[in-house]
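Visitor: I have a structure I would like to understand better, so I am pasting it below and will then ask my questions one at a time.
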């Protein structure tokens, strides 16, 4: 089974998902990748292969949005 991990995305932009081939609009920062590569994995495939990692990314994104609102 394919291993999925969280890595720092240093490129961003539109890339194909390494699993389904669908289009993934990425930003710089934490993202899902195939272990040992820099091939991006979309959130839908991530939910199938690593649901806990998807939940972790979503939680961290909520925390960032919350802290940005509090700072404003």
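Numbering (the working numbering), first residue to last: 21 to 92.
All residues carry an ideal CB built from backbone N, CA and C; glycine is no exception.
(1) DSSP on residue 41, reduced to helix/strand/coil?
(2) Please work out which residues of its chain come closer than 8 Å, Cβ to Cβ, to residue 31, disregarding the five sequence neighbours upstream and downstream, and give them in chain order.
(3) Between the Cα of residue 51 and those of 86, 41 and 80, spot the shortest distance and give me the residue it belongs to.
(4) With 16 as the cutoff for other CB atoms within 10 Å, does residue 44 come out buried or exposed?
(5) Ignore the nearest five residues each way along the sequence and tell me which others in residue 73's own chain have a CB closer than 8 Å to its CB.
Guide: The short version:
(1) Residue 41 falls in the coil class under three-state DSSP.
(2) 46, 48 and 58
(3) 80
(4) buried
(5) 24, 25, 26, 52 and 66
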